[in-house]
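Taken in order, these protein sequences are the chains called E and D.
According to numbering that gives the first Met the number 0, the stretch in the first sequence is residues 0 to 466, in order.
According to numbering that gives the first Met the number 0, the stretch in the second sequence is residues 0 to 143, in order.
Data first, discussion second: the structure below is written as structure tokens.
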Amino acid sequence: MKYTSQSVAKPYFIAAIGLFVGQILFGLIMGLQYVMGDFLFPEIPFNVARMVHTNLLIVWLLFGFMGSTYYLVPEESQTELYSPKLALLLFWVFLVAGALTIVGYLAVPYATLAKITGNDLLPTMGREFLEQPTITKIGIVIVALGFLFNVGMTILRGRKTVISMVLLLGLVGLAVFFLFSFYNPDNLVLDKMFWWWVVHLWVEGVWELILGAILAFTLIKITGVDREVIEKWLYMIIAMALITGLLGTGHHYYYIGTPEYWLWIGSVFSAMEPVPFFMMTLFAFNMVNKRRRQHPNRAATLWALGTGVMAFLGAGVWGFLHTLAPVNYYTHGSQITAAHGHMAFYGAYVMIVLTMISYAMPMLNGRDAANSNKSQVAEMWAFWLMTVSMVFITLFLTGAGILQVYLQRYSENPLPFMVVQDQISLFYWLREAAGVIFLIGLVVYITSFFIKGEEARLTKAENVISD
Amino acid sequence: MNETFTKSMARNIFFGGSLFFFLLLIGLTTHSVRGLPEQDNRQNLTEEVALGKKVWEDNNCIGCHTLLGEGAYFAPELGNVYERFGHSKEAIKGFIQSRPVNGIPGRRSMPQFNLTDQELDAIAAFLKYSSEIKANNWPPNIQG
Ligand code: HEM
Ligand code: HEM
Ligand SMILES: [Fe+2]
């Protein structure tokens, strides 16, 4: 660690991992409710578990992005963070607000929560992923502003690199597009249109800038490849991301009451959205192949390569699978959507945060560069357990989705939704089993942090260049 | 990537391309919003329907159901439930009202929301209004 203020990243990473565990537990609860409908009913109805699952996901990814930023920006800017105190204060504000919100979901019926948090004054609740009480949303905006101020001041004060500027642009975009969550017109079609300005323009827009910047940073550190080369790649990746992804929003405007021309615009542009993800894969592998030094943190290298591959599979391949309008006509809102949502979120955003944690955590824990070999081996086991089980979760949901689409929407005698759900329950059982493996992987992951041992180091011959 | 293609060229493609397509997105969105009255059934967007949307949101119905294909995949599509229930608001209200408090052993069940009569009327009106939105012929059939 080059700057002491980078250490504020640590609590962010720890909180992220803690909330990740919560997310997966609620995923498993829901997975069981899919096959045992009365499980935990009426104490934790499915919709409550789902809010907890998806909101924890988003909140822990945000913790991960913020922690990554606090680690990355001082090093790129070559100066201490503007205000480490503010960073710590915002950490606690965000954690407490997040925890209270989750407790609210679980403790009282959602309608009661809406009432006591004043949803009547400014109704923003009850929309997928944006279920947070309006006051929580306002809190998120305040935390985001404080965070951006802190990071912006640091960058202004120090060296301005392409990586930190791209990261900042992505983070500003994240905050700006979140503001659309406050727009909730009575008109359902308008509501849906602009709901996607948060959700789509996040994951297929500005978040890709954050992803690209963090990936570029870790690749520079791990491979020692020349900054000029890395920055050129970064610009091309994010250029393709926005050129395809902005109008790619149209793939959500097919069947929600918006004009017909989106069938064409959405299909054409979103069909090209896999390109930036494919470039990320090439980027990661190319840089690692061209490396000018061996880095003792092999686990971090594995995560970085894995991010490239899995983001392309989940977002690129599974996204393309259902993105053309005639296909989406049948798959819209089915288990195919869930399959894609899982692998895309995991492959792109979970894995990039875990890449950064893998790279930074040894230094945050006072080591020179890497954990012990034993610890790294455990971490790499966790990588494979989580990644492979996520592939299987995706495959089982895809199987369920294909059958669902056929039985309910395509065959001669379409069957009712609930009848079809019963017929495909085998796939849901298999998904749940894969989910248990995922949880085991996560436990191994956490265990790896507690495995001590002497730091892994390279021999002189291995260590070609050091900086 | 080769040497003749410089970083500043890449940067210009990023800023130029992003700005161009962002402006295009804004333009197309504005155009769509102007054209929405043709499709979005706003002539039937009464106060009761607006209240129905509020009831829909305050009870987080989207946490189990899809509406025009968006939401959760645990329970049936409701964008066309008005048609599936024989064009009957009464049938919709009756279904919501009769959910058992403690669920159905071994099966997925919808919670009992204890809605008032006014709320029941409103949610049924909202679902009727939703079913009349022109969504490019989606869903493919009555099963949603
Ligand atoms: C990392 C990037 C991505 C993430 C995290 C992601 C995640 C998601 C999620 C969670 C949904 C479901 C939204 C809902 O609940 O309604 C969704 C829907 C969708 N995604 Fe992605 N996605 C990504 C990239 C892509 C890409 C690159 C494509 C196209 C090539 C794509 C195509 C689609 C389509 C067509 C839908 C709508 C599915 C439907 O009609 O039900 N996604 N995505
Ligand atoms: C490991 C065990 C997991 C299980 C059993 C599980 C289960 C589920 C279930 C049952 C749903 C609701 C689907 C529906 O609406 O009917 C869901 C939604 C979701 N989960 Fe998971 N999940 C798991 C892990 C994850 C992970 C690791 C991620 C992120 C990387 C994730 C991200 C999501 C997202 C984004 C949604 C919303 C999907 C959409 O709207 O299309 N889940 N999950
Ligand atoms: Fe999208």
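Just so it is clear, CB atoms sit at the ideal spot from N, CA and C, and this is done for glycine as well.
Residue i, DSSP secondary structure in three states
{"i": "T29 of chain D", "result": "helix"}
{"i": "L66 of chain D", "result": "strand"}
{"i": "I209 of chain E", "result": "helix"}
{"i": "S388 of chain E", "result": "helix"}
{"i": "R291 of chain E", "result": "coil"}
{"i": "I103 of chain D", "result": "strand"}
{"i": "S410 of chain E", "result": "coil"}
{"i": "E454 of chain E", "result": "strand"}
{"i": "S130 of chain D", "result": "helix"}
{"i": "S108 of chain D", "result": "coil"}
{"i": "S87 of chain D", "result": "coil"}
{"i": "S163 of chain E", "result": "helix"}
{"i": "S82 of chain E", "result": "coil"}
{"i": "S266 of chain E", "result": "helix"}
{"i": "S333 of chain E", "result": "coil"}
{"i": "S97 of chain D", "result": "coil"}
{"i": "F284 of chain E", "result": "helix"}
8 Å Cβ cutoff met for residue i and residue j
{"i": "Y11 of chain E", "j": "M65 of chain E", "result": "yes"}
{"i": "K114 of chain E", "j": "E69 of chain D", "result": "no"}
{"i": "I91 of chain D", "j": "L187 of chain E", "result": "no"}
{"i": "A338 of chain E", "j": "A310 of chain E", "result": "no"}
{"i": "I236 of chain E", "j": "M286 of chain E", "result": "no"}
{"i": "R158 of chain E", "j": "S76 of chain E", "result": "yes"}
{"i": "F284 of chain E", "j": "G307 of chain E", "result": "yes"}
{"i": "G398 of chain E", "j": "F426 of chain E", "result": "yes"}
{"i": "T65 of chain D", "j": "G26 of chain E", "result": "no"}
{"i": "W206 of chain E", "j": "G169 of chain E", "result": "yes"}
{"i": "I34 of chain E", "j": "E431 of chain E", "result": "It is worth fixing the name first, because residue 34 of chain E is Val in this sequence and not Ile. Cβ distance < 8 Å, so V34 of chain E and E431 of chain E count as in contact."}
{"i": "Y104 of chain E", "j": "A359 of chain E", "result": "no"}
{"i": "V171 of chain E", "j": "L147 of chain E", "result": "yes"}
{"i": "G97 of chain E", "j": "V140 of chain E", "result": "no"}
{"i": "G143 of chain D", "j": "N40 of chain D", "result": "no"}
{"i": "L27 of chain D", "j": "I255 of chain E", "result": "no"}
{"i": "L80 of chain E", "j": "T153 of chain E", "result": "yes"}
{"i": "W428 of chain E", "j": "T354 of chain E", "result": "no"}
Nearest residue (CA-CA) to residue i, options the options
{"i": "W380 of chain E", "options": "E:S447, E:N46, E:I423 and E:Q403", "result": "E:S447"}
{"i": "A433 of chain E", "options": "E:S357, E:W383 and E:G452", "result": "E:W383"}
{"i": "G452 of chain E", "options": "E:F416, E:A377 and E:S371", "result": "E:S371"}
{"i": "F276 of chain E", "options": "E:T248, E:W317, E:T300 and E:I219", "result": "E:W317"}
{"i": "P467 of chain E", "options": "E:F19, E:L112 and E:N149", "result": "With chain E represented from 0 up to 466, any question about residue 467 of chain E goes unanswered, as that position is not in the structure."}
{"i": "I436 of chain E", "options": "E:I392, E:L402, E:Q420 and E:G17", "result": "E:I392"}
{"i": "L120 of chain E", "options": "E:F181, E:E454, E:L394 and E:L71", "result": "E:F181"}
{"i": "N43 of chain D", "options": "D:A121, D:F112 and D:N135", "result": "D:A121"}
{"i": "A8 of chain E", "options": "E:Y253, E:G63 and E:G36", "result": "E:G63"}
{"i": "L469 of chain E", "options": "E:A368, E:T330, E:L441 and E:L394", "result": "Because chain E in this structure spans residues 0 to 466, residue 469 of chain E falls outside the shown range and cannot be described."}
{"i": "H294 of chain E", "options": "E:I101, E:Q420, E:I219 and E:G151", "result": "E:I219"}
{"i": "M350 of chain E", "options": "E:T336, E:H321, E:G365 and E:M385", "result": "E:M385"}
Listed by chain order, chain B residues near residue i by CB distance under 9 Å
{"i": "D37 of chain E", "result": "Note that chain B does not occur in the displayed structure, where the protein chains are E and D."}
Is it the case that the stretch 210-218 of chain E contacts the stretch 161-172 of chain E, given that we only count it when at least three CB pairs across the two stretches are under 8 Å? Contact annotation: the stretch 161-172 of chain E touches the stretch 210-218 of chain E, with at least three C-beta pairs closer than 8 Å.
Count the CB pairs spanning the stretch 309-328 of chain E and the stretch 235-245 of chain E that are closer than 8 Å, and state whether there are at least three. Verdict: no, contact absent.
Of the residues that make up the stretch 160-186 of chain E, which ones have a beta carbon closer than 7 Å to any beta carbon in chain D? Taking 7 Å as the Cβ-Cβ cut-off against chain D, the residues of the stretch 160-186 of chain E that qualify are D185 and N186.
The stretch 41-55 of chain E touching the stretch 116-129 of chain D, judged by at least three CB pairs closer than 8 Å: These segments do not touch.
With three or more beta-carbon pairs closer than 8 Å as the criterion, would you say the stretch 35-49 of chain E touches the stretch 116-126 of chain E? No, because fewer than three Cβ pairs between the stretch 35-49 of chain E and the stretch 116-126 of chain E fall closer than 8 Å, the two stretches do not touch.
Using a Cβ-Cβ cut-off of less than 7 Å, give me the residues of the stretch 123-144 of chain E that come near chain D, in sequence order. So the list reads M124, G125, R126, E127 and E130, given in the order they occur along the chain.
Proximal residues, the stretch 70-90 of chain D versus chain E, C-beta separation under 8 Å: Those residues of the stretch 70-90 of chain D placed with their C-beta closer than 8 Å to a C-beta in chain E are G70, A71, Y72, F73, A74, P75 and E76, ordered along the chain.
Residues of the stretch 115-136 of chain D in Cβ contact with chain E at a cutoff of 7 Å, in chain order, please. Of all residues in the stretch 115-136 of chain D, S129, I132, K133, A134 and N135 have a Cβ within less than 7 Å of some Cβ in chain E.
Stretch-stretch touch, CB-based, cutoff 8 Å, three pairs: the stretch 132-141 of chain D with the stretch 407-424 of chain E: Flag = yes, the stretch 132-141 of chain D and the stretch 407-424 of chain E touch.
Any C-beta of chain D within less than 8 Å: which residues of the stretch 323-349 of chain E qualify? Those would be Y328, Y329, H331, G332, S333, Q334, T336 and A337, in chain order.
The stretch 95-111 of chain D / the stretch 29-38 of chain D touching (three or more Cβ pairs under 8 Å): No contact exists between the stretch 95-111 of chain D and the stretch 29-38 of chain D.
Of all the residues that make up the stretch 43-63 of chain E, which are near chain D by a beta-carbon distance shorter than 9 Å? Within the stretch 43-63 of chain E, the residues whose Cβ lies closer than 9 Å to some Cβ of chain D are P44, F45, N46, V47, A48, R49 and M50, listed in chain order.
Looking at chain E, which residues of the stretch 25-38 of chain D have a Cβ within less than 9 Å of any of its Cβ atoms? Residues of the stretch 25-38 of chain D whose Cβ lies closer than 9 Å to any Cβ of chain E, in chain order: L27, T28, H30, S31, V32, G34, L35, E37 and Q38.
Closer than 7 Å between beta carbons: that is the criterion. Which residues of the stretch 239-256 of chain E meet it against chain D? Taken in chain order, the members of the stretch 239-256 of chain E whose beta-carbon sits within less than 7 Å of a beta-carbon on chain D are L241, I242, L245, L246, T248, Y253, Y254, I255 and G256.
Near-chain E residues of the stretch 53-71 of chain D - C-beta to any C-beta below 8 Å: Of all residues in the stretch 53-71 of chain D, only K53, W55, E56, D57, N58, N59, C60, I61, G62, C63, T65, L66, L67, G68, E69, G70 and A71 place a beta-carbon less than 8 Å from a beta-carbon of chain E.
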